[in-house]
Every structure is written in C-alpha cells, then in structure tokens.
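Structure first, commentary second.
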Amino acid sequence: MDNYKYFIHNECSYFPCHDLQEWKSCLFCWCPLYLLDCRGKFTMNNEIKDCSSCVIPHTAEGYDYVLEVIRTTIYQKAHQD
C-alpha cells in the first residue's frame, strides 16, 4: 500500500497549480529538489529558479523520483574526494 505517497488538497486556493490531465499529488507542494540539480523542467529568471513548467512532484512517479534524487545527491556528497 503506497497511500502515504499521495495527498491532494482540493480546497487549496492554488489548486491545481499546474495544468495536468490527471492530478496525483500535492505532497511536494514546495519541491524538496528546488535547491538541488533536480533534472526537472525549469527555467532561470533573474537567478530565480522557475519550476512552474515542471510537474514531476505531482505525478504518480513523483514520490519515488524525488526520493531517488535526494538519495543520489546525499551519496555523491558523502563520497566526494
């Protein structure tokens, strides 16, 4: 059972914050990958990361993707020379 990976806040004044055909999760409303090399679809506007075109955290695979990037980043940092 993976129900802990999903959360939808239908009553949020910003919902939906992205144009998705099938909304899956609001769990990562503020993306924990914002400060990392997330490999998502973002742009840089005046040195500010704009993630409004990225829907990765809100997809069915988003939870696993976010955790994998965090794990990989921690591993790489721990094993730097």
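Residues 2 to 82 in our numbering are what the sequence shown lists, from first letter to last.
A virtual CB, placed ideally from N, CA and C, is assigned to each residue, including glycine.
Between the alpha carbons of residue i and residue j, how many angstroms are there, rounded?
| i | j | result |
| --- | --- | --- |
| A79 | C55 | 28 Å |
| Y1 | D65 | Within the shown structure, residues of the chain are numbered from 2 to 82, placing residue 1 beyond reach of any answer. |
| F29 | L68 | 11 Å |
| S53 | Q81 | 32 Å |
| T60 | D3 | 14 Å |
| Q77 | G63 | 21 Å |
| I71 | W31 | 15 Å |
| E48 | H19 | 22 Å |
Assign residue i to buried or exposed, taking buried as 16 or more other Cβ atoms, counted over all protein chains shown, within 10 Å of its Cβ.
| i | result |
| --- | --- |
| I57 | buried |
| L34 | buried |
| H10 | exposed |
| C13 | exposed |
Based on the DSSP secondary-structure assignment, which residues constitute the bridge partners of residue i?
| i | result |
| --- | --- |
| D51 | T44 |
What is the C-beta distance between residue i and residue j, in whole angstroms, given that I count them as a contact (C-beta under 8 Å)?
| i | j | result |
| --- | --- | --- |
| T44 | D38 | That belief does not hold up - the Cβ atoms of T44 and D38 are roughly 15 Å apart, past 8 Å. |
| S26 | Y7 | 5 Å |
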